[in-house]
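In the UniProt record's numbering, the protein residues as written are 1 to 108.
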């Protein structure tokens, strides 16, 4: 589901209220390319957050930080970093990025 812009934590809460959870895409590139193809060029919160050392999905699985899906950016694994998906034609090959969890963004 796509909602109005919220912080990562508020997006998690909004999903829970509807018995949903933020997306944990197994193939972030495929999701980003799908969104671009359907004219949804944007940045989205998805279900990943830093625990201070690693990024993990809400389900608890560690997100591999060496995979090529990560945007060319320095990682900020402090506890207020959450994972966003960038669905822009120019970045669809490396759509994952870390952002401060308090930033209001749309979410999937």
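C-beta: ideal position from N, C-alpha, C; glycine also.
Using the Cα positions of residue i and residue j, report the straight-line distance between them to the nearest angstrom.
| i | j | result |
| --- | --- | --- |
| residue 56 | residue 98 | 12 Å |
| residue 46 | residue 13 | 13 Å |
| residue 87 | residue 41 | 5 Å |
Within 10 angstroms of its Cβ, does residue i collect 16 or more other Cβ (buried), or is it exposed?
| i | result |
| --- | --- |
| residue 83 | buried |
| residue 49 | buried |
| residue 62 | exposed |
| residue 59 | exposed |
| residue 81 | buried |
| residue 25 | buried |
| residue 68 | exposed |
For residue i, write down the residues that DSSP places opposite it in a beta bridge.
| i | result |
| --- | --- |
| residue 112 | In this structure the chain extends from 1 to 108, so residue 112 is not present and cannot be described. |
Would you say residue i and residue j are within 8 Å of each other, going by their C-beta atoms?
| i | j | result |
| --- | --- | --- |
| residue 120 | residue 85 | Only positions 1 to 108 of the chain appear in this structure, which leaves residue 120 out of reach. |
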